[in-house]
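S.K.: Numbering (UniProt numbering), first residue to last: 1 to 316.
Glycine residues also receive a C-beta, built at the ideal position from the N, C-alpha and C atoms.
On a predicted model such as this, the values are computed, not experimentally measured, just so you know.
Got a structure here, written out as structure tokens. Questions coming.
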Amino acid sequence: MPTKLYSSIFPSIFFLSLIFLFLYSTFLPLYTNNDSSSLPTNKFLPSSSPPCNLFKGHWVLNSTKGKPFYDDTCPFHRNAWNCLKNKRDNMGIINSWKWVPKDCKLERVDPWRFLGLMRNRNIGFVGDSLNENFLVSFLCILRVADEGAKKWKKKGAWRGAYFPKYNVTVAYHRAVLLAKYKWNPKQSVVSDEDELKGIYRVDVDILADEWSSIADFYHVLVFNTGHWWGYDKFPKETPLVFYRHGRPISPPLGLLDGFKVVLEDMVHHIQKEVPKNTLKFWRLQSPRHFYGGDWNQNGSCLFDRPLEEEQQQWSE
Ligand SMILES: *[C@@H]1O[C@H](CO)[C@@H](O)[C@H](O)[C@H]1NC(C)=O
Ligand SMILES: *[C@@H]1O[C@H](CO)[C@@H](O)[C@H](O)[C@H]1NC(C)=O
Ligand SMILES: *[C@@H]1O[C@H](CO)[C@@H](O)[C@H](O)[C@H]1NC(C)=O
Numbered sequence: 001m002p003t004k005l006y007s008s009i010f011p012s013i014f015f016l017s018l019i020f021l022f023l024y025s026t027f028l029p030l031y032t033n034n035d036s037s038s039l040p041t042n043k044f045l046p047s048s049s050p051p052c053n054l055f056k057g058h059w060v061l062n063s064t065k066g067k068p069f070y071d072d073t074c075p076f077h078r079n080a081w082n083c084l085k086n087k088r089d090n091m092g093i094i095n096s097w098k099w100v101p102k103d104c105k106l107e108r109v110d111p112w113r114f115l116g117l118m119r120n121r122n123i124g125f126v127g128d129s130l131n132e133n134f135l136v137s138f139l140c141i142l143r144v145a146d147e148g149a150k151k152w153k154k155k156g157a158w159r160g161a162y163f164p165k166y167n168v169t170v171a172y173h174r175a176v177l178l179a180k181y182k183w184n185p186k187q188s189v190v191s192d193e194d195e196l197k198g199i200y201r202v203d204v205d206i207l208a209d210e211w212s213s214i215a216d217f218y219h220v221l222v223f224n225t226g227h228w229w230g231y232d233k234f235p236k237e238t239p240l241v242f243y244r245h246g247r248p249i250s251p252p253l254g255l256l257d258g259f260k261v262v263l264e265d266m267v268h269h270i271q272k273e274v275p276k277n278t279l280k281f282w283r284l285q286s287p288r289h290f291y292g293g294d295w296n297q298n299g300s301c302l303f304d305r306p307l308e309e310e311q312q313q314w315s316e
């Protein structure tokens with residue numbers, strides 16, 4: 001059921017990314033402290049600020065909201081995902097949407113100010129392509145304030161950038177399930193009647209290698225997982241099988257129960273092992289990009305406007 005739900009909903013990843021950009025630029029500076037390299041975690045807003053929920057609001061179509069920060073020449077794009085270069089339809093309209101929070105003013109992100117406040121600090125993203133998409137957009141915007149930005153791929157990062165003017169690193173660690181998982185092809189040829197080709201072993205209590213040793217490097221970490229927990233990624237011929245303490249969990253967990261167990265384990269790990277001063281975000285889910293089929297089944301991205309408040313999915 002979630003698979004069906006995900007595969008038929010609107011591509012608002014882009015818009016959600018914008019919200020997050022605004023969030024970072026608005027809130028991160030409030031955590032920063034010029035005298036110390038650690039980020040205070042015990043306060044969210046200074047007491048003088050009125051409470052403001054940036055997530056409450058609506059989208060406004062405004063074609064004069066200003067030139068985008070970057071174009072298709074930004075070097076941090078992943079080519080196949082470069083909507084600008086690949087001439088996705090309706091980019092003009094898509095770029096004209098603006099998020100307007102209900103009770104507060106949301107300024108445009110300011111990459112100079114942001115990097116200035118983050119000087120000597122590092123920001124890491126861990127998770128699936130939702131975080132990767134956000135990262136790319138983020139890097140392209142930050143680069144406006146430091147054209148000397150260089151690609152950065154150390155410590156297991158999938159992609160990222162170093163901003164020399166500010167000594168800031170921002171990178172993404174690809175760990176689509178967060179937990180470690182590995183393909184195990186079917187060993188026995190005895191029962192070749194069934195369709196099983198092998199399994200993906202998921203160790204619910206072990207972090208994926210890509211982020212197992214990064215906690216001390218980053219001052220801010222943004223986690224997510226979600227879009228891979230579906231039968232489109234792991235059909236019954238190649239299912240996920242969950243392990244704990246090196247043994248299969250018994251009775252075996254279904255996909256969504258496994259998802260829940262992995263989330264609990266990962267959150268527990270993050271709370272226990274990632275340093276207290278690290279500012280941690282958990283990013284929630286968004287609808288998928290595809291309409292009329294998945295990415296490899298003639299699906300396409302036809303939409304150019306955000307979901308309505310009560311709308312859960314587009315009907316096919
Ligand atoms: C559109 O954006 C411009 C520039 O930010 C602003 O001056 C104008 O008031 C906006 N219009 C609407 C309808 O929000
Ligand atoms: C750059 O930032 C790191 C912390 O992320 C710090 O350890 C290092 O000393 C900084 N380098 C310079 C040249 O300030
Ligand atoms: C995709 O569309 C083409 C042309 O309409 C068709 O031949 C093909 O079978 C479709 N593929 C899938 C997976 O639906």
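Below 7 Å between beta carbons: does that hold for T183 and Y200?
M.R.: A small fix is needed here, since residue 183 is Trp in this sequence, not Thr. It is a contact, given that the beta carbons lie within the stated cut-off.
S.K.: Would you check if the segment 292-304 and the segment 78-96 touch, i.e. whether three or more CB-CB distances between them fall below 8 Å?
M.R.: Yes, the segment 78-96 is in contact with the segment 292-304.
S.K.: Are V136 and H77 close, meaning C-beta to C-beta below 7 Å?
M.R.: In this structure, H77 lies closer than 7 Å to V136 by Cβ.
S.K.: Give the DSSP bridge partners of D203, in chain order.
M.R.: Paired residues: K180 and Y243.
S.K.: Following the continuous beta strand (DSSP E) through L279, name the residue where it begins and the one where it ends.
M.R.: It spans L279 to W282 - the beta strand (DSSP E) in which L279 sits, taken as one unbroken run.
S.K.: Would you mind reading off the limits of the beta strand (DSSP E) that contains N167?
M.R.: That residue, N167, is in no beta strand (DSSP E); it is neither H nor E in DSSP.
S.K.: Less than 8 Å between the CB atoms is what I'm expecting for W99 and G57, so what's the real figure, rounded?
M.R.: That belief holds up - the Cβ atoms of W99 and G57 are roughly 6 Å apart, short of 8 Å.
S.K.: As a quick exercise: from F223, W158 and P51, pick the residue whose alpha carbon is nearest that of I270.
M.R.: Comparing Cα-Cα distances from I270 to each of F223, W158 and P51, the minimum goes to F223.
S.K.: What does the shell around ligand 2 hold, if a residue joins when its beta-carbon is under 6 Å from any heavy atom?
M.R.: Having a Cβ closer than 6 Å to some heavy atom of ligand 2 are N120, R121, N122 and N167.
S.K.: With a cut-off of 6 Å, give the chain-ordered residues whose Cβ is closer than this to any heavy atom of ligand 1.
M.R.: My final list is V60, N62, T64, K65 and G66.
S.K.: Would you be able to state if there are at least three C-beta pairs under 8 Å between the segment 116-134 and the segment 158-173?
M.R.: Short answer: they touch.
S.K.: Output the distance between the C-alpha atoms of K272 and K67, rounded to the nearest integer angstrom.
M.R.: Cα-Cα distance, rounded: 43 Å.
S.K.: May I ask you to report which of helix, strand or coil DSSP gives F125?
M.R.: Here F125 sits in strand by DSSP.
S.K.: Is the segment 138-149 touching the segment 109-116 in the sense that three or more CB pairs, one from each, lie closer than 8 Å?
M.R.: The segment 109-116 vs the segment 138-149: in contact.
S.K.: How close, in whole Å, do the beta carbons of R159 and K153 come, if the pair is a contact with beta carbons under 8 Å?
M.R.: That pair is a contact at about 6 Å.
S.K.: Rounded to whole angstroms, what's the CA-CA distance from D203 to K105? Just pull it up for me.
M.R.: When rounded, the distance between both Cα atoms is 44 Å.
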